[in-house]
Ligand code: CDP
């Protein structure tokens with residue numbers, strides 16, 4: 002069987018619903034294991050921003066593909082991509098097969114050769130354990146009750162100086178989750194071999210401890226194998 006391009010790296014796939022805490026957990030896991038980290042959602046958000054900036058339609062396949070082909074990775078940390086307008090447009094461009102295909106190689110290359118010569122990578126998103134890297138060493142599926150996720154997103158946006166009402170955010174998160182779960186291409190779903198972590202009743206430290214407990218045996222084992230081999 003032809004080997005997948007990522008089989009040599011150690012990979013932690015972190016998928017889950019909007020504002021479930023997957024990004025924070027992915028970053029903390031990466032720091033813990035000294036792995037590289039990629040927030041794949043930023044790629045879809047950057048695509049959406051490129052489309053909106055060009056006055057295009059995020060639902061139009063040609064506009065969306067042009068956006069995916071012109072993303073500026075240096076803007077990944079820009080608060081402009083975190084707004085709910087961009088989030089909704091991200092969900093629309095993410096439903097288009099040509100966009101997902103255009104972003105696939107970048108994600109797989111990142112996993113195959115994590116930056117900085119790291120032995121592994123953590124990637125968070127919607128389809129990492131199901132489509133981008135089904136052979137990931139460890140997989141997590143993160144979820145939390147919608148009201149709590151909306152509250153967390155409200156706090157996050159407030160911290161960035163963006164005022165929003167929580168009810169509106171809750172409606173937007175629910176709509177985006179429904180769209181992400183029901184789209185025909187790469188829908189959000191828990192991979193059969195992913196461990197479910199519900200962060201509703203957990204603070205950041207407790208959620209991280211739980212995530213670590215779920216992946217550590219597999220990751221420590223893979224690191225030992227690498228040292229031996
Ligand atoms: O931060 P939040 O959880 O709200 O969303 P995100 O991870 O930044 O993703 C924004 C949107 O991009 C999602 O609603 C998905 O539609 C899309 N996305 C995707 O389809 N596949 C991924 N691997 C990551 C994000």
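Numbering (my numbering), first residue to last: 2 to 230. A virtual CB, placed ideally from N, CA and C, is assigned to each residue, including glycine.
Beta-carbon proximity check, residue i vs residue j, cutoff 9 Å
i: residue 65; j: residue 100; result: yes
i: residue 216; j: residue 122; result: no
i: residue 85; j: residue 23; result: no
i: residue 224; j: residue 11; result: yes
i: residue 184; j: residue 96; result: yes
i: residue 39; j: residue 212; result: no
i: residue 109; j: residue 189; result: no
i: residue 33; j: residue 119; result: no
i: residue 73; j: residue 47; result: yes
Cβ shell of residue i (< 7 Å), same chain only, five flanking positions each side left out
i: residue 90; result: 49, 52, 53 and 59
i: residue 92; result: 177, 180 and 181
i: residue 199; result: 144 and 145
i: residue 229; result: none
i: residue 170; result: 85, 151, 154 and 155
With 16 other Cβ atoms within 10 Å as the buried cut-off, status of residue i
i: residue 197; result: exposed
i: residue 70; result: exposed
i: residue 221; result: exposed
i: residue 75; result: exposed
i: residue 256; result: The displayed coordinates of the chain run from 2 to 230. Any statement about residue 256 would go beyond what the structure contains.
i: residue 102; result: exposed
i: residue 82; result: buried
i: residue 115; result: buried
i: residue 25; result: buried
Nearest residue (CA-CA) to residue i, options the options
i: residue 132; options: 28, 84 and 104; result: 104
i: residue 142; options: 116, 208, 168 and 120; result: 208
i: residue 202; options: 117, 172, 21 and 135; result: 21
i: residue 94; options: 194, 195 and 186; result: 186
i: residue 130; options: 194, 214 and 107; result: 194
i: residue 172; options: 219, 147 and 80; result: 147
Cβ neighbours of residue i in the same chain (closer than 8 Å, five flanking residues each side left out)
i: residue 19; result: 88, 150, 154, 174, 177, 178 and 181
i: residue 117; result: 37
i: residue 192; result: 14, 16, 130, 131, 135, 140 and 142
Contacting residues, own chain, Cβ-Cβ under 6 Å from residue i (five flanking each side not counted)
i: residue 77; result: 43
i: residue 28; result: 38
i: residue 112; result: 7, 10, 12, 122 and 134
Residue-level contact to chain B via CB, residue i, 9 Å cutoff
i: residue 82; result: In the displayed structure, chain B is absent; only one protein chain is listed.
*Hey, which unbroken runs of the alpha helix (DSSP H) at 4 residues or more fall wholly within the segment 131-217?*
The qualifying runs are 147-160 and 167-183.
_Runs of beta strand (DSSP E) lying entirely within the segment 17-91, each at least 3 residues, in chain order_ = If only uninterrupted beta strand (DSSP E) runs of at least 3 residues are considered, those enclosed by the segment 17-91 are 37-40.
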